[in-house]
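Take a look at the structure below.
Number of protein chains: 2
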Amino acid sequence: MLRISKLTDYATVILARMAAEPERRFTAGQIAGETHLAAPTVSKLLKQLHRRALVNSTRGLHGGYLLARPAAQITAAQILDALEGPVALTECASSESHCCIESSCLVGRAWQRVNLAIRRSLQEITLLELAGLSGGGAQPSALDRGFPVLKRGPL
Amino acid sequence: MLRISKLTDYATVILARMAAEPERRFTAGQIAGETHLAAPTVSKLLKQLHRRALVNSTRGLHGGYLLARPAAQITAAQILDALEGPVALTECASSESHCCIESSCLVGRAWQRVNLAIRRSLQEITLLELAGLSGGGAQPSALDRGFPVLKRGPL
DNA sequence: CCCATATAGTACTAAACTAGTCCTAGATTA
DNA sequence: TAATCTAGGACTAGTTTAGTACTATATGGG
Chain A
1 MLRISKLTDY ATVILARMAA EPERRFTAGQ IAGETHLAAP TVSKLLKQLH
51 RRALVNSTRG LHGGYLLARP AAQITAAQIL DALEGPVALT ECASSESHCC
101 IESSCLVGRA WQRVNLAIRR SLQEITLLEL AGLSGGGAQP SALDRGFPVL
151 KRGPL
Chain B
1001 MLRISKLTDY ATVILARMAA EPERRFTAGQ IAGETHLAAP TVSKLLKQLH
1051 RRALVNSTRG LHGGYLLARP AAQITAAQIL DALEGPVALT ECASSESHCC
1101 IESSCLVGRA WQRVNLAIRR SLQEITLLEL AGLSGGGAQP SALDRGFPVL
1151 KRGPL
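If you read the sequences in order, they're chains A and B.
Mapping the first sequence onto the numbering used here, position 86 (from 1) lands on 86, and the numbers just tick up by one.
One gets the numbering used here by counting positions in the second sequence from 1 and adding 1000 to each.
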């Protein structure tokens, strides 16, 4: 039903790999080898993640990539936004669209709210949890505590 | 970020229109005219909705379509399933896929859970709410009561 | 100074999917 | 039996996605 693109999925795999060794500087080739993803694809995605400030990069010999901030501070929503942009569930849910049936459309607002709800849920999921590193501490993760993922509260 | 196809969106528009007059038998042409959607598209979608048992049809003169059950008993999840199938957020979240990086993939399970969470939220939204007909009674809708949309409870 | 190793950015191609159209067949009723 | 409706499938054009290739730029070591 709902889908994220393969590339976005790959990006989470890449970021999860990096999250597992936060101190290590990875080259694109290393990540490709260790995740079994194609090298050019990994490279392309890392560039994009860099542009969106999810990873830091250093060029040249001994260069590579590092997470821009701790995995606990990177959310699923940020990753999706970085790769797929602020696209919405439906076209008319995006900012400046004007679909031609707008006047007779009863549904638009409802989808927007569903959309917002899903966004919120994705904002509560961190890379730490996506990477399966949430630790099992006293503080259960959004994914583990049964569920929100969505928070109660005013829309 | 997340997207449903235009056709799915159209389908909700169609169903919402029908929900507004539950007693009335609509022809495909009427719905097209009243929603400003293209007639062949409406026809195609209604056929599909019929196959998935969301609407009843009668052929012949004075034939047409009716909702198969009250709008309150049709959920957003059912509509999405009818049109887009049980596709999942990622490929590996679907039933019988085996992606080649499975062994080194840390992320799969997490996406599956996110996926499930979103499904649940969609199951709580009825066509009545999508159509903006939820009435404003004493019982606030899933969309209006601030939010779940996701229910607390074990995953 | 020059070369090897990295990332940065852009352009391009092939494949897959989506949206939309058209045509033929079957059912119902006046 | 003719008119009106749905059923089903085939087909086409357009868009999006995934993947590749190429050039430019930065860094550090011999």
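Glycine included, C-beta positions come from ideal geometry on N, C-alpha and C.
All of these numbers come straight from a predicted model, not from anything done at the bench.
Any chain A beta carbon closer than 9 angstroms to residue i
i	result
residue 1004 (chain B)	yes
residue 1075 (chain B)	no
residue 1053 (chain B)	no
residue 1130 (chain B)	yes
residue 1097 (chain B)	Interpretation of residue 1097 (chain B) is limited by its pLDDT of 48, a score under 50 that renders its predicted location unreliable; the figure taken from the coordinates is listed afterwards. Chain A, which has no Cβ nearer than 9 angstroms to the Cβ of residue 1097 (chain B), makes this no.
Under the three-state DSSP convention, the category residue i falls into
i	result
residue 1029 (chain B)	helix
residue 19 (chain A)	helix
residue 1107 (chain B)	coil
residue 1130 (chain B)	helix
residue 75 (chain A)	strand
residue 67 (chain A)	strand
residue 1024 (chain B)	coil
residue 3 (chain A)	strand
residue 1038 (chain B)	coil
residue 1089 (chain B)	coil
residue 96 (chain A)	The predicted model places residue 96 (chain A) with a pLDDT of 47, which falls under 50 and marks its position as unreliable; any figure quoted below should be read in that light. Here residue 96 (chain A) sits in coil by DSSP.
residue 1124 (chain B)	coil
residue 14 (chain A)	helix
residue 1050 (chain B)	helix
Rounded C-alpha distance that separates residue i from residue j
i	j	result
residue 1110 (chain B)	residue 1089 (chain B)	11 angstroms
residue 124 (chain A)	residue 1030 (chain B)	44 angstroms
residue 1131 (chain B)	residue 1048 (chain B)	20 angstroms
residue 50 (chain A)	residue 1055 (chain B)	48 angstroms
residue 16 (chain A)	residue 6 (chain A)	15 angstroms
residue 1078 (chain B)	residue 1008 (chain B)	11 angstroms
residue 126 (chain A)	residue 1002 (chain B)	17 angstroms
residue 62 (chain A)	residue 27 (chain A)	8 angstroms
residue 134 (chain A)	residue 128 (chain A)	5 angstroms
residue 34 (chain A)	residue 19 (chain A)	13 angstroms
residue 39 (chain A)	residue 10 (chain A)	12 angstroms
residue 81 (chain A)	residue 75 (chain A)	10 angstroms
residue 1052 (chain B)	residue 1045 (chain B)	11 angstroms
residue 58 (chain A)	residue 1107 (chain B)	26 angstroms
residue 121 (chain A)	residue 1065 (chain B)	37 angstroms
residue 85 (chain A)	residue 41 (chain A)	18 angstroms
residue 73 (chain A)	residue 118 (chain A)	19 angstroms
residue 97 (chain A)	residue 1069 (chain B)	Interpretation of residue 97 (chain A) is limited by its pLDDT of 48, a score under 50 that renders its predicted location unreliable; the figure taken from the coordinates is listed afterwards. Looking at the two C-alpha atoms, the distance is approximately 33 angstroms.
residue 25 (chain A)	residue 13 (chain A)	16 angstroms
residue 4 (chain A)	residue 1113 (chain B)	14 angstroms
residue 22 (chain A)	residue 32 (chain A)	17 angstroms
residue 43 (chain A)	residue 1067 (chain B)	50 angstroms
residue 1036 (chain B)	residue 1060 (chain B)	24 angstroms
Residues that residue i bridges to, as DSSP identifies them
i	result
residue 61 (chain A)	None, per the DSSP bridge assignment.
residue 55 (chain A)	A:67
9 angstroms Cβ cutoff, residue i in contact with chain B
i	result
residue 61 (chain A)	no
residue 49 (chain A)	no
residue 57 (chain A)	no
residue 72 (chain A)	no
residue 156 (chain A)	A query on residue 156 (chain A) cannot be resolved here, the shown segment of chain A reaching from 1 to 155 and no further.
residue 122 (chain A)	yes
residue 9 (chain A)	yes
residue 67 (chain A)	no
The ligand NAD heavy atom lying under 8 angstroms from the CB of residue i
i	result
residue 10 (chain A)	Of the ligands one can find in the structure shown there are none, so the ligand NAD has no counterpart to examine.
What residues in the region 11–44 of chain A bring their beta carbon closer than 8 angstroms to a beta carbon of chain B? 12, 13, 16, 17, 20, 34, 35, 36, 37
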